[in-house]
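Following: one structure in structure tokens, then a few remarks.
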Amino acid sequence: MSSSIIALLKKDQLTGENYATWKLKLNMILVIVDLRFVLMDECPPFPTKYASQSVRDAYDRWTKANDKARLHILASMSDILSKKHEIMKRKEGKGKGPTIATEGKGKAKVAIKGKCFHCNVDEH
Numbered sequence: 118m119s120s121s122i123i124a125l126l127k128k129d130q131l132t133g134e135n136y137a138t139w140k141l142k143l144n145m146i147l148v149i150v151d152l153r154f155v156l157m158d159e160c161p162p163f164p165t166k167y168a169s170q171s172v173r174d175a176y177d178r179w180t181k182a183n184d185k186a187r188l189h190i191l192a193s194m195s196d197i198l199s200k201k202h203e204i205m206k207r208k209e210g211k212g213k214g215p216t217i218a219t220e221g222k223g224k225a226k227v228a229i230k231g232k233c234f235h236c237n238v239d240e241h
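If you want the numbering used here, it's the position in the sequence shown, counting the first as 1, plus 117.
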């Protein structure tokens, strides 16, 4: 991350009360750094042994961008919120059963330990 992006992420971090402003700013930053597509597009399917190079490249691009976007999001949260998120991620990996993440309008997605929410692939 460039120093100007880091400065933008640290300014007006998510505290819980400023969600609307934080979301707008974060979306703009993700557009600038060409990472917003991971929030809009599903993860491409995990490439099979015989998948073409373009299929492998699309999957690799999405997963790398997803990791970078996650870091941008964590960097834009207050220390308390980002630590809570990290604790939740560690618990997910210990096999404590399903993890539930709610998504707008009351819908929920459930992923079993180690599965990706987008493509249901084990730990990629």
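Each residue gets a CB set at the ideal place from its N, CA and C atoms; glycine is no exception. All of these numbers come straight from a predicted model, not from anything done at the bench.
Cα-Cα separation between residue i and residue j, rounded to whole angstroms
{"i": "D158", "j": "A175", "result": "12 Å"}
{"i": "N144", "j": "V172", "result": "27 Å"}
{"i": "L126", "j": "A168", "result": "37 Å"}
{"i": "S121", "j": "C160", "result": "29 Å"}
{"i": "T132", "j": "L188", "result": "17 Å"}
{"i": "M194", "j": "T138", "result": "12 Å"}
Cβ neighbour criterion (16 or more within 10 Å) applied to residue i
{"i": "A186", "result": "buried"}
{"i": "L152", "result": "buried"}
{"i": "V148", "result": "exposed"}
{"i": "I197", "result": "exposed"}
{"i": "I123", "result": "exposed"}
Expected contact under 8 Å - CB spacing of residue i and residue j to nearest Å
{"i": "V155", "j": "A182", "result": "5 Å"}
Min CB distance residue i to chain C below 7 Å
{"i": "S120", "result": "The structure shown contains no chain C, having only a single protein chain."}
Extent of the continuous alpha helix (DSSP H) run through residue i
{"i": "N135", "result": "Element bounds for N135: n/a, residue is neither H nor E."}
Three or more beta-carbon pairs under 8 Å between the region 145–164 and the region 176–189, yes or no?
-> yes
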